[in-house]
Amino acid sequence: MPAPGYECYQLHYFELLKPTHDYSLVAYGNKMVNDLFDGSVGFAIDGGIKDAKSVPRVLAMDISFLYDFQSSHIHRLSSELNCPMPAGMNNSTFRHPEILIHLVVDNTHRGLITARAIHQAQVVAGTQQWDIIDWSALIASSRVAAGLHPFDSKKVSA
Amino acid sequence: MIMGMNELLAETLTLGEKSGIGQQTVYDLVKGELWNAFYSTSTRN
Numbered sequence: 001m002p003a004p005g006y007e008c009y010q011l012h013y014f015e016l017l018k019p020t021h022d023y024s025l026v027a028y029g030n031k032m033v034n035d036l037f038d039g040s041v042g043f044a045i046d047g048g049i050k051d052a053k054s055v056p057r058v059l060a061m062d063i064s065f066l067y068d069f070q071s072s073h074i075h076r077l078s079s080e081l082n083c084p085m086p087a088g089m090n091n092s093t094f095r096h097p098e099i100l101i102h103l104v105v106d107n108t109h110r111g112l113i114t115a116r117a118i119h120q121a122q123v124v125a126g127t128q129q130w131d132i133i134d135w136s137a138l139i140a141s142s143r144v145a146a147g148l149h150p151f152d153s154k155k156v157s158a
Numbered sequence: 001m002i003m004g005m006n007e008l009l010a011e012t013l014t015l016g017e018k019s020g021i022g023q024q025t026v027y028d029l030v031k032g033e034l035w036n037a038f039y040s041t042s043t044r045n
């Protein structure tokens with residue numbers, strides 16, 4: 001049986017970007033900003049991890065426009081703010097979108113695994129807020145790396 | 001695609017939070033840009 005929310009993959013990718021769509025970037029952003037990581041009403045993180053492992057590279061899109069910045073500038077900001085950011089993109093990766101996609105998917109997979117590990121540690125300790133977490137909880141990875149609380153944006157640190 | 005964009009959004013929201021402008025501000029910017037991209041053709045003119 002597919003994970004909750006799996007039907008989102010039946011949609012055209014432009015649908016996924018439509019601001020009003022339930023599975024759009026806007027919807028997932030709203031979950032991240034408001035700490036709404038209940039996987040029972042979203043797309044469970046296990047499904048996200050499974051998909052990250054099986055992204056067909058040949059079908060991967062060129063999303064190099066997302067990295068349209070100077071990596072040295074990002075490195076500087078990242079260092080100043082104590083907030084790790086992916087900045088390994090350069091002119092070479094722009095010319096080879098398959099490499100770029102590999103880097104992005106690998107980073108996403110790492111974020112998902114980290115979020116699941118943090119959640120499972122909370123389950124063991126009995127302090128978890130949700131039994132299943134949504135895959136938008138991958139933000140927990142970058143939050144912890146930046147010294148913030150993984151699942152509560154109101155708290156300053158873990 | 002949505003997977004990669006989610007990851008980048010997460011990183012960007014965190015950077016926004018650390019920078020002091022707040023993740024809500026970053027989210028509003030992204031939301032506005034997406035909205036304009038889909039429902040408007042004249043915002044950049």
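Each protein sequence line maps, in turn, to chains A and B.
This note's numbering puts the first residue of the first sequence at 1, with every later residue one more than the last.
This note's numbering puts the first residue of the second sequence at 1, with every later residue one more than the last.
We treat Cβ as the ideally placed atom computed from N, Cα and C, and that holds for glycine.
query                                                                                                                      : result
Euclidean distance between Cα positions of A/Gly29 and A/Phe151                                                            : 14 Å
7 Å Cβ cut-off: residues of chain A touching B/Ile118                                                                      : In the structure as shown, chain B begins at 1 and stops at 45. Residue 118 of chain B is therefore absent and cannot be evaluated.
C-beta neighbour in chain B for A/Leu11, strict 7 Å                                                                        : Reliability fails at A/Leu11, whose pLDDT of 48 lies under 50, so the model's placement of it is uncertain and the value that follows must be treated cautiously. No, no contact with chain B.
Meets three-Cβ-pair contact criterion under 8 Å: the stretch 8-24 of chain B and the stretch 72-86 of chain A              : yes
Three-way DSSP call (helix, strand, coil) for A/Ile133 in this model                                                       : strand
Rounded C-alpha distance that separates A/Lys53 from A/Asn82                                                               : 29 Å
Within chain B, the residues that A/Val105 reaches when beta carbons sit closer than 9 Å                                   : Met3, Gly4, Glu7
Cut-off 8 Å between Cβ atoms - residues of its own chain near B/Met5, not counting five sequence neighbours on either side : none
Below-7 Å beta-carbon distance, B/Thr14 vs any chain A residue                                                             : yes
Residue environment, B/Asp28, which counts as buried when at least 16 other CB atoms sit within 10 Å                       : exposed
Listed by chain order, chain B residues near A/Arg143 by CB distance under 7 Å                                             : Thr14
A/Ala52 CB to nearest heavy atom of the ligand FAD below 6 Å                                                               : The model on display carries no ligand, and the ligand FAD is accordingly not part of it.
C-beta atoms of B/Glu7 and A/Thr108 nearer than 7 Å                                                                        : yes
Residues bridged to A/Ala121 (per DSSP)                                                                                    : In the DSSP output, where bridge partners are listed per residue, A/Ala121 has none listed.
Simplified DSSP assignment, three categories, for A/Ala44                                                                  : strand
Residue-level contact to chain B via CB, A/Leu81, 7 Å cutoff                                                               : yes
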